[in-house]
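Below: the structure, in structure tokens.
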Ligand SMILES: Nc1ncnc2c1ncn2[C@@H]1O[C@H](COP(=O)(O)OP(=O)(O)OP(=O)(O)O)[C@@H](O)[C@H]1O
Ligand SMILES: Nc1ncnc2c1ncn2[C@@H]1O[C@H](COP(=O)(O)OP(=O)(O)OP(=O)(O)O)[C@@H](O)[C@H]1O
Ligand SMILES: [Mg+2]
Ligand SMILES: [Mg+2]
């Protein structure tokens with residue numbers, strides 16, 4: 511069990527480092543055991559350094575940088591041990607245009623092993639989707655759901 | 511002091527109710543004293559009901575509804591006792607197109623008494639601004655700031 | 082293909098029976114603020130057996146029942162059914178399709194069904210635990226919580242890795 | 082017109098002197114993720130006298146100094162100056178323009194200046210308290226915190242109303 515955890519930890523950390531560097535176009539990130547000698551009892555810290563910047567605490571990261579870092583870790587977990595499906599509710603809310611595009615690309619790369627359900631207001635994310643549902647609020651607080659195609663949604 | 515608080519409370523609650531109804535195109539909201547007999551010692555709860563829906567707990571509100579409700583309260587405070595300037599960092603992140611437009615309109619209505627500095631990724635909010643600064647990250651983690659005009663920013 | 086279809090009735094803003102069919106790949110749910118998108122995500126979490134009302138933005142579990150509108154009465158029950166494609170055998174059951182239903186009555190009674198058979202909550206939990214869809218699954222990220230994993234305490238983050246391992 | 086100009090040097094991602102001029106009405110700050118927009122908002126909060134590092138996303142106040150880059154050394158100090166138009170007399174000083182400076186040295190020493198005169202932190206606090214720009218001012222809304230007012234405890238919300246009253 512100890513080695514199983516160590517092996518999982520190392521592979522997820524490597525996947526996280528790789529996803530982070532891909533999202534940020536550089537920089538470095540990894541998972542760190544707070545007490546390596548305690549093995550599976552140890553806590554896990556995240557170390558993340560965007561490109562061109564020196565190593566600082568996670569607190570200093572921007573909203574969008576935090577989103578991308580968290581998504582990089584999620585994708586590392588999904589690559590190591592794929593969940594059959596994954597529900598993401600507006601995880602792109604703080605992302606700028608370039609990052610939303612990388613996010614959509616990374617989602618598409620994982621669809622071979624995981625189905626994604628994403629709630630979004632962002633057109634770029636919508637464009638990555640194969641199925642589109644529009645939800646609207648009707649009278650009496652009752653939602654109605656409609657199957658849509660990208661062409662149905664006006665460019666803003 | 512007791513009447514000063516009561517007077518302020520009533521006027522801010524009325525302003526909040528009015529701003530909420532304007533943002534939501536209906537519904538109702540108000541501030542509620544948890545212990546009215548204790549006057550200035552009383553806590554304050556928020557009651558908010560979007561149009562067409564029955565009164566429910568604030569927890570059930572959607573992300574965008576929470577943003578609009580919070581902004582309605584902020585604007586009620588600013589109308590009652592204007593701050594000279596107000597800094598808003600991506601408060602429009604969870605808003606849909608229609609709400610961002612209402613938000614921008616409400617901001618413009620208050621510029622007679624308060625200057626606003628808004629950080630945003632949203633083009634509609636940018637369009638409401640009189641001054642535009644673009645921040646970009648350069649080498650060595652050093653930001654540079656550039657004065658921009660709306661025409662400088664490509665439509666997505 | 083794993084997630085086939087979701088049916089929601091009486092749950093939150095879905096008083097009438099609502100059906101969503103999922104394709105392989107990515108399904109995007111869009112619409113105006115307050116329309117019900119996150120309520121669909123809550124329905125998925127709920128039918129998978131979530132016991133913490135707070136994680137579905139409920140004050141108490143009873144708040145899951147459609148509360149009624151100006152001219153429509155509250156629902157007498159809330160029911161969500163999820164259909165899963167099990168041809169690959171990722172679920173430890175001998176069916177090629179598995180339908181899980183959760184039904185909450187106004188009385189507070191809850192029914193759980195797997196392929197129309199009454200089961201206990203723990204049967205639903207055990208079913209999904211192996212599929213990494215159990216509680217605290219990293220596979221469901223709620224609105225506004227995307228960077229929650231960055232603020233976890235080190236021990237909580239270890240639990241996440243342990244779950245994947 | 083109240084807020085005229087902001088000058089930032091050595092603070093967070095602004096190693097070189099950076100100037101922003103504000104107009105009446107709305108100023109929008111835009112740019113890519115991680116470019117430094119929220120850092121500008123933090124600089125405003127900081128120069129107004131904020132004492133809680135957490136509210137500017139700092140672990141400790143020393144983290145405010147530009148930490149250096151691959152080929153650029155860390156700053157020896159962080160300094161922010163805000164110029165305010167006081168022709169309307171909204172600030173309790175006899176100047177038509179008021180410049181407030183906060184400077185933090187690597188040693189940990191902090192200087193506060195009002196119109197180039199050394200003052201104490203409490204002088205800065207008293208100056209802004211009347212203008213509703215003091216601590217817990219509703220006039221500064223941080224990123225990701227817009228709906229914080231909805232999750233406050235009732236007593237905390239009362240404090241907000243009291244401050245406005
Ligand atoms: N039990 C219930 N009965 C009736 N209405 C409910 C119930 N539970 C939640 N709602 C309503 O659902 C609405 C929120 O829906 P939801 O969170 O799905 O919106 P959303 O589409 O995700 O919006 P956003 O884009 O702002 O996140 C609220 O207006 C709330 O009043
Ligand atoms: N003292 C410091 N020295 C150097 N870099 C710093 C310092 N403090 C913060 N940073 C850097 O500032 C960056 C974050 O900047 P900021 O929060 O202003 O971004 P932003 O433009 O608001 O982005 P977003 O749109 O994602 O919110 C981080 O990458 C962080 O490393
Ligand atoms: Mg939502
Ligand atoms: Mg920011």
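Chains as they are written, first to last, in the numbering used here: chain A, 511 to 666; chain B, 511 to 666; chain C, 82 to 246; chain D, 82 to 246. Glycine included, every Cβ here is placed at the ideal spot set by N, Cα and C. For clarity, every value in this text was computed on a predicted model and none was experimentally measured.
- Message: Does the structure place the segment 611 to 621 of chain A close enough to the segment 596 to 615 of chain B that three or more beta carbon pairs sit under 8 Å?
- Response: no
- Message: Given the structure, does residue 646 of chain A come close to ligand 3, in the sense that its CB is under 7 Å from one of the ligand's heavy atoms?
- Response: no
- Query: In this structure, does DSSP put residue 137 of chain C in helix, strand or coil?
  - Reply: Secondary structure at residue 137 of chain C: helix, using DSSP grouped into helix, strand and coil.
- Rounded straight-line distance, which links the Cα of residue 582 of chain A to that of residue 516 of chain A: 20 Å
- Message: Please give the ranges of any alpha helix (DSSP H) in the segment 550 to 633 of chain A, keeping only runs that are unbroken, at least 4 residues long and fully inside the region.
- Response: 573 to 590, 607 to 620
- Task: List the residues of chain B whose Cβ lies closer than 7 Å to the Cβ of residue 573 of chain A, in chain order.
- Result: 600
- Query: Cβ of residue 635 of chain B within 8 Å of Cβ of residue 109 of chain D?
  - Reply: With contacts defined as CB atoms closer than 8 Å, residue 635 of chain B and residue 109 of chain D qualify as a contacting pair.
- Item | beta-carbon residue 563 of chain B near ligand 1 non-hydrogen atom, thresh 7 Å | Taking 7 Å as the cut-off, the C-beta of residue 563 of chain B counts as close to a heavy atom of ligand 1.
- Message: Is there a Cβ of chain B sitting closer than 8 Å to that of residue 144 of chain C, yes or no?
- Response: yes
- Task: If I'm right that residue 213 of chain C touches residue 244 of chain C with Cβ under 8 Å, what's the distance once you round it to whole angstroms?
- Result: 7 Å
- Message: Can you pull the chain D neighbours of residue 608 of chain A, defined as C-beta to C-beta under 7 Å?
- Response: 113
- Query: Whose C-beta lies closer than 7 Å to the C-beta of residue 211 of chain C among residues of the same chain, with five residues either side of it excluded?
  - Reply: 173
- Any chance the CB of residue 575 of chain B is under 7 Å from a heavy atom of ligand 1? Yes, the beta carbon of residue 575 of chain B sits closer than 7 Å to at least one heavy atom of ligand 1.
- Task: Pull up the DSSP beta-bridge partners for residue 150 of chain C, would you.
- Result: Partner residues in the beta bridge of residue 150 of chain C, as assigned by DSSP, are B:563, C:153.
- Find the nearest neighbour of residue 160 of chain D within the set D:167, D:126, D:168, judged by alpha-carbon distance. D:126
- Query: In chain A, which residues lie with their C-beta within 9 Å of the C-beta of residue 276 of chain D?
  - Reply: A question about residue 276 of chain D goes unanswered here, because the residues of chain D that appear run from 82 up to 246.
- Using only alpha-carbon positions, find the residue among D:145, D:224, D:167 that is nearest to residue 627 of chain B. D:224
- From the DSSP output, which residues share a beta bridge with residue 642 of chain A? A:658, C:109
- Message: I'd like to check one pair, residue 100 of chain D with residue 645 of chain B: are the Cβ atoms closer than 8 Å?
- Response: no
- chain C within 8 Å of residue 539 of chain A, Cβ atoms only: Residue 539 of chain A has a beta carbon lying at 8 Å or more from every beta carbon in chain C.
- Query: Under the three-state reduction of DSSP, which class applies to residue 121 of chain D: helix, strand or coil?
  - Reply: helix
- Message: Suppose you measure from the CA of residue 647 of chain B to the CA of residue 115 of chain D; what does that come to, to the nearest Å?
- Response: 7 Å
- Taking residue 562 of chain B as the query, report the chain A residues whose CB atoms sit under 9 Å from its CB, ordered along the chain. 647, 648, 649, 650, 651, 652
- Looking at residue 625 of chain B and residue 23 of chain D, is the spacing between their C-beta atoms short of 8 Å? The structure shown does not extend to residue 23 of chain D, since chain D is modelled only from 82 to 246, so the question has no answer here.
- Have a look at B:524, B:593, B:551 and flag the residue whose alpha-carbon is nearest the alpha-carbon of residue 558 of chain B. B:524
- Message: Just verifying my parser: in three-state terms, what is the DSSP assignment at residue 649 of chain A?
- Response: helix
- Item | Other residues of its chain near residue 600 of chain B: CB distance less than 8 Å, five sequence neighbours each side excluded | 629, 630, 631
- Query: Within the present structure, is the beta-carbon of residue 675 of chain B separated from the nearest heavy atom of ligand 4 by less than 7 Å?
  - Reply: Absent from the model: residue 675 of chain B. The displayed extent of chain B is 511 to 666, so no value can be given.
- Item | Start and end residues, beta strand (DSSP E) containing residue 240 of chain C | Residue 240 of chain C -> not in any beta strand (DSSP E); alpha helix (DSSP H) instead, spanning 235 to 245.
- Task: Report the three-state DSSP secondary structure of residue 210 of chain D (helix, strand or coil).
- Result: helix
- Query: Using a Cβ cut-off of 8 Å, which residues of the segment 145 to 169 of chain D contact any Cβ in chain B, in chain order?
  - Reply: 147, 148, 149, 150, 151, 152, 153, 165
- Item | chain B contact for residue 126 of chain C (CB, 8 Å cutoff) | no
- Using a Cβ-Cβ cut-off of 8 Å, state whether residue 119 of chain C counts as contacting chain B. By this cut-off, residue 119 of chain C is an interface position.
- Query: Quick one: what does DSSP say residue 82 of chain C is sitting in, helix, strand or coil?
  - Reply: coil
- Using a Cβ cut-off of 8 Å (strictly closer), state whether residue 199 of chain D contacts chain A. no
- Query: chain A beta carbons: is any one of them nearer than 8 Å to that of residue 138 of chain D?
  - Reply: By this cut-off, residue 138 of chain D is an interface position.
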